[in-house]
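Numbering follows my numbering, in which position 212 of the sequence shown is assigned residue number 212; successive positions increment by one, without gaps.
Comments concern the structure below.
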Amino acid sequence: MTQQPYTVVDAFTERPFAGNPAAVLVLDAPGDEEWMQLLAREFNLSETAFTFPEGDGWRLRWFTPTVEVDACGHATLAAAHTLFERGLAELTVNFDTRSGRLVCRRDGEQVVMDWPTDPCDQPADETAIAQAIGVPVQAAGEGRHYLLAEVADAATVRKVEPDLAAVSALGSTGLIVTAAGDGTADVVSRMFAPQSGIPEDPVTGSAHCCLVTWWAPRVGDELTAEQLSARGGRVHVRLNGDRVELRGHAVTVARGQLVA
1 MTQQPYTVVD AFTERPFAGN PAAVLVLDAP GDEEWMQLLA REFNLSETAF TFPEGDGWRL
61 RWFTPTVEVD ACGHATLAAA HTLFERGLAE LTVNFDTRSG RLVCRRDGEQ VVMDWPTDPC
121 DQPADETAIA QAIGVPVQAA GEGRHYLLAE VADAATVRKV EPDLAAVSAL GSTGLIVTAA
181 GDGTADVVSR MFAPQSGIPE DPVTGSAHCC LVTWWAPRVG DELTAEQLSA RGGRVHVRLN
241 GDRVELRGHA VTVARGQLVA
């Protein structure tokens, strides 16, 4: 095959080897679905992004090591960062995705993404969630993609050791555990998605489309959120009606060529 370039980008961080890594492949034309899934399994990162020109913008698809998914914030940021870095887009890039059109723009060293809200405003089984994460749940809700559980404080979020089989049995794309921040962040969270092949996601951009609607009545429409995974990462979030602005840095950590 013709050699295909790829990059690995750490998203939602200003320094290498933090935030959430994603592989990005910029293709000339749509890729074979089986090939894309095999590559995502080979990279074995939480997400691999494939993008190619389409219409007045770019088609963007996201794959975990096991499945294609409908939404992925950090891999979107990584894909936009790659297009800006390679000079394939200037100030704005339009991505068409399974979740509709997503617009990303460059603002200095940051990428700003425009996403739809995903309110976790439907009832959820607090007892089952508490059993799955091993700590008491103060409130819970369900949105299009995620379950969300609020717990007592940031220390409780840090100590969660979920039963991943029980989390999978809850039946949502992922489970967000959140509390008010205890430092420079307004809100803290962790996100578990074992049913998508991701035991714990380092930083989950799309989850903040739930988090901002959950917390806005108490902390306001603009917030700084920190994800308390081992790698850690920070997302700046602004609620604007039924849209969410996600802002973050990204760092390219590897470039290479596929030869098979």
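We put the CB at the ideal spot given by N, CA and C, even for glycine.
Query - Segment limits, alpha helix (DSSP H) that includes Thr-82 - result: Taken as a continuous stretch (DSSP letters only), the alpha helix (DSSP H) holding Thr-82 covers 73-85.
**Report entry** Inter-stretch contact at 8 angstroms, needing at least 3 Cβ pairs: the segment 103-110 / the segment 193-212
**Finding:** No, the segment 103-110 is not in contact with the segment 193-212.
Query raised in the report: Can you name, in chain order, every residue of its own chain whose Cβ lies under 6 angstroms from the Cβ of Glu-150, other than the five neighbours on each side?
Result: If we look at Glu-150 and ignore the five residues flanking it on each side, its Cβ neighbours are Gln-138, Ala-139 and Thr-178.
Query raised in the report: Can you check whether the CB of Pro-65 is closer than 7 angstroms to the CB of Arg-41?
Result: Yes, the pair counts as a contact, with Cβ atoms nearer than the cut-off.
Query raised in the report: What is the C-beta distance between Tyr-146 and Thr-117, in whole angstroms, given that I count them as a contact (C-beta under 8 angstroms)?
Result: Incorrect: roughly 12 angstroms between the Cβ atoms, too far for contact.
Query raised in the report: Ala-149 bridges to which residues according to DSSP?
Result: Ala-140 and Val-177.
Requested in this report: Assuming Pro-53 contacts Val-251 (C-beta within less than 8 angstroms), just tell me the rounded distance between them.
Outcome: The Cβ separation is near 25 angstroms, so there is no contact.
Query raised in the report: What is the rounded straight-line gap between the Cα of Ala-152 and the Cα of Asp-186?
Result: Rounded to the nearest angstrom, the gap between the Cα atoms of Ala-152 and Asp-186 is 14 angstroms.
Query raised in the report: Expressed to the nearest angstrom, what Euclidean distance is found between the alpha-carbon atoms of Arg-158 and Ile-133?
Result: Going by the C-alpha atoms only, they are around 11 angstroms apart.
Query raised in the report: Should Ala-281 and Val-67 be called a contact, given that it needs their Cβ atoms to be closer than 7 angstroms?
Result: Not covered by the structure: residue 281. The range shown for the chain is 1 to 260.
**Report entry** Segment limits, beta strand (DSSP E) that includes Cys-104
**Finding:** For Cys-104, the enclosing beta strand (DSSP E) starts and ends at 100-107.
**Report entry** First through last residue of the alpha helix (DSSP H) which encompasses Glu-47
**Finding:** Segment 47-54 is the beta strand (DSSP E) holding Glu-47; no alpha helix (DSSP H) there.
Requested in this report: Would you give the residue range spanned by the alpha helix (DSSP H) that Phe-43 belongs to?
Outcome: Taken as a continuous stretch (DSSP letters only), the alpha helix (DSSP H) holding Phe-43 covers 33-43.
Requested in this report: Give the straight-line distance between the Cα atoms of Val-26 and Leu-60, rounded to the nearest whole angstrom.
Outcome: Approximately 9 angstroms, taken between the alpha carbons.
Query - Beta-carbon spacing of Gly-248, Leu-91 below 7 angstroms - result: Using a Cβ distance threshold of 7 angstroms, Gly-248 and Leu-91 do not count as a contacting pair.
Query raised in the report: Leaving out the 5 sequence neighbours to the left and right, which residues in its chain are closer than 7 angstroms to Arg-144 when beta-carbon positions are compared?
Result: So the list reads Asp-118, once near-sequence residues are dropped.
Requested in this report: Count the other C-beta atoms from every protein chain shown that fall within 10 angstroms of the C-beta of Val-237, then say buried if there are 16 or more, exposed otherwise.
Outcome: Val-237 comes out buried.
Query raised in the report: Taking the DSSP output, what are the residues bridged to Thr-97?
Result: Its beta-bridge partners are Gly-100.
Query - Ala-71 versus Ser-99 - alpha carbon distance - result: Here the C-alpha atom of Ala-71 lies approximately 6 angstroms from the C-alpha atom of Ser-99.
Query raised in the report: For the beta strand (DSSP E) that Thr-252 lies in, which residues bound it at each end?
Result: Counting along the chain, the beta strand (DSSP E) containing Thr-252 begins and ends at 250-258.
Query raised in the report: What is the DSSP secondary structure of Val-219, counted as helix, strand or coil?
Result: Residue state, collapsed to three classes: helix.
Query - Inter-residue spacing [alpha-carbon to alpha-carbon] between Leu-45 and Asp-121 - result: Cα to Cα, Leu-45 sits roughly 30 angstroms from Asp-121.
Requested in this report: Using a threshold of 7 angstroms, state whether the C-beta atoms of Val-167 and Leu-175 are closer than that.
Outcome: With respect to the 7 angstroms criterion, Val-167 and Leu-175 are classified as neighbours on the basis of their beta carbons.
Query raised in the report: Quick one: what does DSSP say Thr-7 is sitting in, helix, strand or coil?
Result: Strand, per DSSP.
Query raised in the report: Quick one: is Glu-161 buried, meaning 16 or more other Cβ sit within 10 Å of its Cβ, or exposed?
Result: With fewer than 16 other Cβ atoms within 10 Å, it is exposed.
Query raised in the report: According to DSSP, which residues form a beta bridge with His-236?
Result: Thr-224 and Arg-247.
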